[in-house]
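Enquirer: Residues 1452 to 1676 (this note's numbering) make up the sequence shown, in order.
We put the CB at the ideal spot given by N, CA and C, even for glycine.
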Amino acid sequence: MGSNAVIIKSNPYGIVLILDKELPFEELRQAVADKFKMSAGFFKNAKLALTFQGRILTKEQERILLDEIVQNSKIQILCLVDEKKESAEYYKKAVMQALEKQDREEGQFYRGTLRSGQVLETETSIVILGDVNPGAQVISKGNIVILGCCMGNIYAGASGNAGCFAAALTMKPMQVRIADKMARSAIVKKTDTGEYPIDPKIIYIKEDHLQIKPITSENLCEFLA
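This is the structure in structure tokens:
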């Protein structure tokens, strides 16, 4: 098998994989595996776009070669790029779009405390690394997880999804809503600056009513399954 069966050209955002046109596919597959095993240390954990050049591949052949790349290196291939659009700038754009899509699908993180008057809205589930103070609002079409004290207004399942939940290390909201179910609390006032002990709780809809329960391994596994 010639050393030129598979040639890798790269830029900071992408890889061009130049493939031997005549080599039987199974031999080409092995050549790709060997090449990326040798190059794994160079690429490390890169997130890149990929272009195939040199031969026409079926969708199944593309999938097989992608599997070989991933299994023999730590590269994450975010998208395939047409060879006619080969340029570092186009690769950068393609990678940025793929990362944004990945963030939307996997949910988001917000770092910091939301203060009175602030509103955080998101199309996906959200994890807040901080407090939600009285007078602040969090509105999510997915789940809401607050790794801090929740004393403001929270609205999970804002698109009408009754299967969503809200959870916090300290759950003292002024108002909580999930889909079309809402409850108010008289415990916290808008001017409250008091500190509460950590007491993790989860709020969800069960039997058409809002339920608030301490977080246990059992009920957490039920929602994360």
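From the DSSP secondary-structure annotation, give me the bridge partner or partners of M1625.
Expert: M1625 is not bridged to any residue.
Enquirer: Any contact between the stretch 1556-1574 and the stretch 1526-1533? By contact I mean 3 or more CB pairs, one from each, below 8 Å.
Expert: As far as the Cβ criterion goes, the stretch 1556-1574 does not touch the stretch 1526-1533, which means the pair count is below three.
Enquirer: In three-state terms, what does DSSP make of S1490?
Expert: Looking at S1490 - three-state DSSP - the assignment turns out to be helix.
Enquirer: Output the distance between the C-alpha atoms of K1623 and N1496, rounded to the nearest integer angstrom.
Expert: So the two alpha carbons sit approximately 41 Å from each other.
Enquirer: Is the beta carbon of A1630 sitting closer than 7 Å to the one on G1599?
Expert: Cβ atoms of A1630 and G1599: not closer than 7 Å.
Enquirer: Can you give me the Cβ contacts of Y1606 inside the same chain, cut-off strictly under 6 Å, excluding the 5 residues immediately before and after it?
Expert: Closer than 6 Å at the Cβ level, and outside the excluded window around Y1606, lie I1590, R1628.
Enquirer: Would you call S1567 buried or exposed, if buried means 16 or more other Cβ atoms sit within 10 Å of its Cβ?
Expert: It is exposed - the Cβ of S1567 has fewer than 16 other Cβ atoms within 10 Å.
Enquirer: Measure the alpha-carbon distance for Q1481 versus Q1662 and round it to whole angstroms.
Expert: When rounded, the distance between both Cα atoms is 55 Å.
Enquirer: According to DSSP, simplified to helix, strand and coil, what is Q1588?
Expert: Q1588 falls in the strand class under three-state DSSP.
Enquirer: What span of residues does the alpha helix (DSSP H) with I1507 cover, start to end?
Expert: From DSSP, I1507 is part of no alpha helix (DSSP H); its letter is neither H nor E.
Enquirer: Confirm, please, whether the CB-CB distance from A1587 to Q1569 is below 7 Å.
Expert: Contact flag set, yes.
Enquirer: Along the chain, where does the beta strand (DSSP E) containing V1457 start, and where does it finish?
Expert: Run containing V1457: 1457-1462, per the beta strand (DSSP E) assignment.
Enquirer: What residue does the beta strand (DSSP E) around A1634 start on, and which one ends it?
Expert: Segment 1632-1635, the beta strand (DSSP E) holding A1634.
Enquirer: Whole angstroms are fine: how far does the CA of L1571 sit from the CA of I1577?
Expert: Approximately 10 Å, taken between the alpha carbons.
Enquirer: Roughly how many angstroms separate the alpha carbons of R1635 and N1604, rounded to a whole number?
Expert: The alpha-carbon atoms of R1635 and N1604 are separated by roughly 9 Å.
Enquirer: Just how far apart, CA to CA, sit Q1512 and K1592?
Expert: Rounded to the nearest angstrom, the two C-alpha atoms are 38 Å apart.
Enquirer: To the nearest angstrom, report how far apart Y1647 and T1621 are at their CA atoms.
Expert: Whole-angstrom Cα-Cα distance: 7 Å.
Enquirer: Helix, strand or coil for R1682 per DSSP?
Expert: Residue 1682 is absent from the structure shown; the chain starts at 1452 and stops at 1676.
Enquirer: If we call anything under 7 Å between Cβ atoms a contact, is L1470 one with R1514?
Expert: No, Cβ-Cβ distance for L1470 and R1514 is not below 7 Å.
Enquirer: Considering only their Cβ atoms, is the gap separating A1618 from V1583 smaller than 7 Å?
Expert: It is not a contact, given that the beta carbons lie outside the stated cut-off.
Enquirer: Sort out for me which residues DSSP pairs E1572 with in a bridge.
Expert: For E1572, which the question treats as bridged, DSSP gives the partners I1590.
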